[in-house]
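Participant:
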Amino acid sequence: MAGKTAIVLENIKKVYSMGETQVFALKGISLTIREGEMVAVMGPSGSGKSTLLNILGCLDRPTGGTYYLGGEDVSRLNKNQLALVRNKRIGFVFQNFNLLGRFPVLANVQLPLVYAGVGKKEMADRAKEALDWVGLSKYADHYPGQLSGGQQQRVAIARALVNNPSLILADEPTGALDSRTSIEIISVIQKLNIEKGITVVMVTHEKDIALYCRRLINVKDGRVLGDTPVSNPRNAAEDLAAIPEEREALS
Amino acid sequence: MNFIHNLEVAINGLRANKMRSFLTMLGIIIGVAAVIIMISVGQGASKKIAGQIASMGSNLLIVFPGAGQGPVRGASGSVNTLTLEDAEAIAGLSMVAHVAPELSTNATIGYASQTWTAQVVGTTPEMQMIKDWPVSAGSFFTGDDVRSAAMVAVLGKTVVDNLYLPGTNPVGSTIRINRLPFTVVGVLAPKGASLTGQDQDNVVYIPVSAAQKRLMGVNYVRLINVQAETPESMNFVQSSIENLLRQRHRLVGTSSDDFNVRNLTSVLETAESTTAVMTLLLASVAAVSLLVGGIGTMNIMLVSVTERTREIGLRMAVGATESNIRNQFLVESLVLCLIGGIAGILVGIAGSKIISKAFGWPTFVTVSSILLSAGFSAAVGIFFGYYPAKKAAGLDPIEALRFER
Numbered sequence: 001m002a003g004k005t006a007i008v009l010e011n012i013k014k015v016y017s018m019g020e021t022q023v024f025a026l027k028g029i030s031l032t033i034r035e036g037e038m039v040a041v042m043g044p045s046g047s048g049k050s051t052l053l054n055i056l057g058c059l060d061r062p063t064g065g066t067y068y069l070g071g072e073d074v075s076r077l078n079k080n081q082l083a084l085v086r087n088k089r090i091g092f093v094f095q096n097f098n099l100l101g102r103f104p105v106l107a108n109v110q111l112p113l114v115y116a117g118v119g120k121k122e123m124a125d126r127a128k129e130a131l132d133w134v135g136l137s138k139y140a141d142h143y144p145g146q147l148s149g150g151q152q153q154r155v156a157i158a159r160a161l162v163n164n165p166s167l168i169l170a171d172e173p174t175g176a177l178d179s180r181t182s183i184e185i186i187s188v189i190q191k192l193n194i195e196k197g198i199t200v201v202m203v204t205h206e207k208d209i210a211l212y213c214r215r216l217i218n219v220k221d222g223r224v225l226g227d228t229p230v231s232n233p234r235n236a237a238e239d240l241a242a243i244p245e246e247r248e249a250l251s
Numbered sequence: 001m002n003f004i005h006n007l008e009v010a011i012n013g014l015r016a017n018k019m020r021s022f023l024t025m026l027g028i029i030i031g032v033a034a035v036i037i038m039i040s041v042g043q044g045a046s047k048k049i050a051g052q053i054a055s056m057g058s059n060l061l062i063v064f065p066g067a068g069q070g071p072v073r074g075a076s077g078s079v080n081t082l083t084l085e086d087a088e089a090i091a092g093l094s095m096v097a098h099v100a101p102e103l104s105t106n107a108t109i110g111y112a113s114q115t116w117t118a119q120v121v122g123t124t125p126e127m128q129m130i131k132d133w134p135v136s137a138g139s140f141f142t143g144d145d146v147r148s149a150a151m152v153a154v155l156g157k158t159v160v161d162n163l164y165l166p167g168t169n170p171v172g173s174t175i176r177i178n179r180l181p182f183t184v185v186g187v188l189a190p191k192g193a194s195l196t197g198q199d200q201d202n203v204v205y206i207p208v209s210a211a212q213k214r215l216m217g218v219n220y221v222r223l224i225n226v227q228a229e230t231p232e233s234m235n236f237v238q239s240s241i242e243n244l245l246r247q248r249h250r251l252v253g254t255s256s257d258d259f260n261v262r263n264l265t266s267v268l269e270t271a272e273s274t275t276a277v278m279t280l281l282l283a284s285v286a287a288v289s290l291l292v293g294g295i296g297t298m299n300i301m302l303v304s305v306t307e308r309t310r311e312i313g314l315r316m317a318v319g320a321t322e323s324n325i326r327n328q329f330l331v332e333s334l335v336l337c338l339i340g341g342i343a344g345i346l347v348g349i350a351g352s353k354i355i356s357k358a359f360g361w362p363t364f365v366t367v368s369s370i371l372l373s374a375g376f377s378a379a380v381g382i383f384f385g386y387y388p389a390k391k392a393a394g395l396d397p398i399e400a401l402r403f404e405r
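Read top to bottom, the protein sequences are chains R and X. Take the first sequence: its letter number 107 is residue 107 in UniProt numbering, and every next letter is one higher. Take the second sequence: its letter number 289 is residue 289 in UniProt numbering, and every next letter is one higher.
(1) How big is the Cα-Cα spacing for residue 252 of chain R and R:Thr-228?
(2) Kindly give me the distance between the Cβ atoms of R:Leu-161 and R:Gly-91, rounded to whole angstroms, as I take these residues to be in contact under 8 Å.
(3) Among the candidates X:Ser-266, X:Met-151 and X:Leu-245, whose CA atom is the shortest distance from the CA of X:Ser-256?
(4) Can we say the stretch 44 to 55 of chain R touches the stretch 199 to 208 of chain R, given the rule of at least three CB pairs closer than 8 Å?
(5) Going by DSSP, what residue range makes up the beta strand (DSSP E) through X:Phe-243?
(6) Just grab the DSSP bridge partners of R:Phe-92 for me.
(7) Which chain R residues sit within Cβ distance under 9 Å of X:Leu-330?
(8) Please return the same chain residues whose Cβ sits closer than 7 Å to the Cβ of X:Leu-336, not counting the five positions on each side in sequence.
(9) Could you tell me which of X:Ala-118, X:Val-159, X:Pro-170 and X:Leu-264 sits nearest to X:Gly-138, measuring between CA atoms?
(10) Could you please give the first and the last residue of the uninterrupted beta strand (DSSP E) stretch that includes R:Tyr-68?
(11) Can you tell me which residues form a DSSP beta bridge with X:Gly-110?
(12) Which chain R residues sit within Cβ distance under 8 Å of X:Glu-311?
(13) Below 8 Å between beta carbons is the criterion; list the residues of the stretch 64 to 90 of chain R that meet it against any residue of chain X, in chain order.
(14) For R:Asp-60, go through chain X and note every residue whose CB falls closer than 9 Å to its CB, in chain order.
(15) Name the chain R residues whose beta carbon is nearer than 8 Å to that of X:Thr-24?
(16) Decide yes or no for the touch test of the stretch 196 to 214 of chain X against the stretch 88 to 96 of chain X: beta carbon pairs closer than 8 Å, at least 3 of them.
(17) State the start and end residues of the unbroken alpha helix (DSSP H) segment that holds X:Met-38.
(18) What residue does the beta strand (DSSP E) around R:Glu-10 start on, and which one ends it?
(19) Counting beta carbon pairs with one atom in the stretch 206 to 225 of chain R and one in the stretch 33 to 50 of chain R, are three or more of them shorter than 8 Å?
(20) Among the candidates R:Arg-154, R:Glu-172, R:Asn-232 and R:Asp-132, whose CA atom is the shortest distance from the CA of R:Ile-184?
(21) Taking Cβ-Cβ distances below 8 Å as the criterion, which residues of the stretch 103 to 121 of chain R are in contact with chain X?
(22) Under 8 Å, Cβ to Cβ, is there at least one residue of chain X near R:Phe-24?
(23) X:Leu-371: buried (16+ other C-beta within 10 angstroms of its C-beta) or exposed?
(24) On the CB-based measure, 16 or more other CB atoms within 10 Å of its CB, does R:Ile-243 come out buried or exposed?
(25) Under a Cβ-count criterion, where at least 16 other Cβ atoms within 10 Å of its own Cβ denotes burial, should X:Lys-131 be classed as buried or exposed?
(26) Can the beta-carbon of X:Ile-398 be found closer than 8 Å to that of R:Asp-60?
(27) Compare the C-beta of R:Ala-249 against all C-beta atoms of chain X and say whether one is closer than 8 Å.
(28) At a CB-CB cut-off below 9 Å, which residues of chain X make contact with residue 275 of chain R?
(29) Closer than 7 Å, Cβ to any Cβ of chain R: which residues of the stretch 339 to 355 of chain X, in chain order?
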């Protein structure tokens with residue numbers, strides 16, 4: 001796995017102008033993430049970790065520096081090109097799931113494929129496959145509101161997977177979940193990292209959750225404060241087996 | 001693919017807020033229906049006038065006697081200066097298609113024990129050509145009948161209805177006009193009321209010679225109907241008639257005309273164009289209500305964009321471009337307006353029919369008015385949908401994803 005680089009950031013800066021004053025959200029971040037890594041980004045609020053994630057996710061452009069995604073410079077792309085990169089190469093998992101309540105689960109999972117111009121039949125097939133992978137194939141016709149938080153987050157993971165991205169960005173993916181469900185979701189993320197070899201960058205402020213990753217990046221005041229490998233990353237599937245299954249019956 | 005997706009999303013969105021969608025559509029429905037009803041009322045009115053022009057005879061000039069401006073002035077028709085010979089001379093002018101003199105009086109018509117009062121018109125067979133009036137039984141009297149002052153008559157439908165038992169054929173029977181016997185040779189097809197509401201079918205046509213000599217004992221005619229060959233030639237024909245009659249009546253120099261040529265068609269055409277202006281006015285008022293409906297649509301689309309800010313952010317995050325988002329909302333407002341437009345067309349057609357029935361106004365729904373309002377509602381959808389759609393497309397995905405209601 002430790003071969004090609006997935007992400008290279010060279011002296012990334014982000015400055016927000018608010019009238020007269022300028023806010024330096026990122027003050028020159030350089031780091032390299034290799035393909036297949038699972039990285040936790042930690043830092044207090046206001047540290048710039050959200051800004052970093054937005055730039056990594058091609059939702060925002062840096063004001064300075066260069067961002068190579070899979071070897072390609074994406075820091076100077078226009079809005080449409082960025083949309084294409086997000087569509088083809090990046091999957092997002094959010095704290096609040098961001099599922100569309102008006103549409104059934106399957107349609108939610110299909111959403112990235114709609115903008116990829118995939119045919120209807122293939123769309124349904126691939127979405128079902130992704131749902132199956134997260135273990136929710138029987139909920140395809142349910143609406144998000146009918147599912148538990150953990151299940152909704154798994155639907156969101158299926159949506160992130162459906163376009164076969166090379167990078168998944170998770171923004172506090174367990175922030176809205178109880179601790180057992182959190183570990184459940186982490187186990188799914190670990191599984192897609194290991195089985196599918198997808199690079200994962202996860203923002204979290206929970207140290208417990210960060211320890212499931214293999215590398216820990218600390219961000220503070222717009223700079224990388226620490227970048228350490230996790231010596232013995234925890235295995236969520238094993239931890240899960242150790243917790244009594246009180247909630248399993250409910251879901 | 002994307003269009004179908006947009007369509008599905010639009011319909012899903014409209015379904016999710018049924019009441020709101022319906023109320024928004026109602027604005028469009030009322031607007032479109034109002035446009036169609038107004039245009040159909042206007043079209044009906046002008047069709048009616050056009051029909052009356054045709055029934056009166058197209059390209060028609062009427063020559064009245066009198067109405068001079070000399071020392072003793074009188075209303076037109078108050079003097080009797082026109083003769084059958086004048087009519088024959090007019091028939092010889094170029095661009096004149098038909099000439100029919102008229103000498104009419106109200107008379108009592110009798111048949112068996114029944115009597116009925118009708119207008120008795122002495123004329124020539126050309127009257128039938130000018131009025132384009134077919135017979136339903138028998139035939140019109142002939143030129144020979146005019147030359148011989150034959151005692152024959154052609155009856156209008158109202159006269160037949162009031163004298164004869166239903167189902168009997170009057171042709172061949174003998175009626176009495178002011179006690180004089182006339183043989184019925186034909187019955188005219190029904191024509192209906194004139195512009196002034198007069199029953200055109202309450203009429204008996206007899207040869208003008210019979211009317212002059214036998215019925216009324218005069219040697220003038222009341223008026224002369226002249227049909228020009230084309231609408232363009234009417235002014236030319238009018239001045240030819242004026243010149244001819246001045247010569248024939250030996251009017252020289254400044255002495256005023258002892259006749260009066262009137263172009264009744266142009267009067268009706270004026271009425272027709274007035275109707276057209278009214279129609280335009282009514283339709284414009286209706287179009288304003290469509291405009292108001294469009295503004296309502298824009299309002300709701302703006303609400304919809306705000307409500308779905310996070311959805312827009314998410315769609316952008318998974319790869320929607322600005323134009324994807326813009327099109328999605330454009331399709332939604334287009335669907336809203338088109339459904340409203342189609343419903344409005346149906347309501348408009350139904351409304352026109354109801355107005356026809358309830359008020360007895362003729363209405364006429366034209367294909368062009370339907371296409372116009374369908375096109376107009378689509379245009380409203382795009383025009384008033386564009387701003388909200390543009391606003392949606394211009395959202396920053398990061399801000400949109402973070403948006404809290």
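Built from N, CA and C at the ideal position, the CB exists for glycine as well. Keep in mind that this is a model prediction, so the values were computed, not measured.
Facilitator: Checking against the coordinates, here is how it stands:
(1) Residue 252 of chain R falls outside the range modelled here, since chain R spans only 1 to 251, and no answer is possible.
(2) 6 Å
(3) X:Leu-245
(4) They touch, by the three-pair rule.
(5) Looking at the sequence provided, one finds Asn at residue 243 of chain X rather than Phe. First-last for X:Asn-243: 234 to 248, but that is the alpha helix (DSSP H), not the beta strand (DSSP E).
(6) Its beta-bridge partners are R:Leu-169.
(7) The premise fails here: X:Leu-330 is roughly 16 Å from chain R at the closest Cβ pair, so nothing lies under 9 Å.
(8) Leu-14, Ser-21, Thr-24, Met-25, Thr-297 and Gly-381
(9) Nearest of X:Ala-118, X:Val-159, X:Pro-170 and X:Leu-264 to X:Gly-138, Cα basis: X:Pro-170.
(10) 64 to 69
(11) X:Thr-115 and X:Arg-176
(12) Leu-100
(13) Lys-79, Asn-80, Ala-83, Leu-84, Arg-86, Asn-87 and Lys-88
(14) Asp-396, Pro-397 and Ile-398
(15) The contacting residues do not exist; X:Thr-24 stays about 18 Å from chain R at best.
(16) Two segments are said to touch when three or more pairs of C-beta atoms, one from each, lie closer than 8 Å; by this definition the stretch 196 to 214 of chain X does not touch the stretch 88 to 96 of chain X.
(17) 18 to 56
(18) 5 to 18
(19) yes
(20) Before going on, a small fix: residue 184 of chain R reads as Glu here, not Ile. That would be R:Arg-154, whose Cα lies nearest to the Cα of R:Glu-184.
(21) Phe-103, Leu-111, Pro-112, Val-114, Tyr-115, Ala-116, Gly-117, Val-118, Gly-119 and Lys-120
(22) At a cut-off of 8 Å between beta carbons, R:Phe-24 makes no contact with chain X.
(23) Only exposed fits X:Leu-371, as fewer than 16 other CB atoms lie within 10 angstroms of its CB.
(24) exposed
(25) buried
(26) yes
(27) Only weak support is given to the placement of R:Ala-249: the predicted model assigns it a pLDDT of 49, under 50, and the question is left unresolved by the model.
(28) Since the first residue of chain R shown is 1 and the last is 251, residue 275 of chain R is not available in this structure.
(29) none
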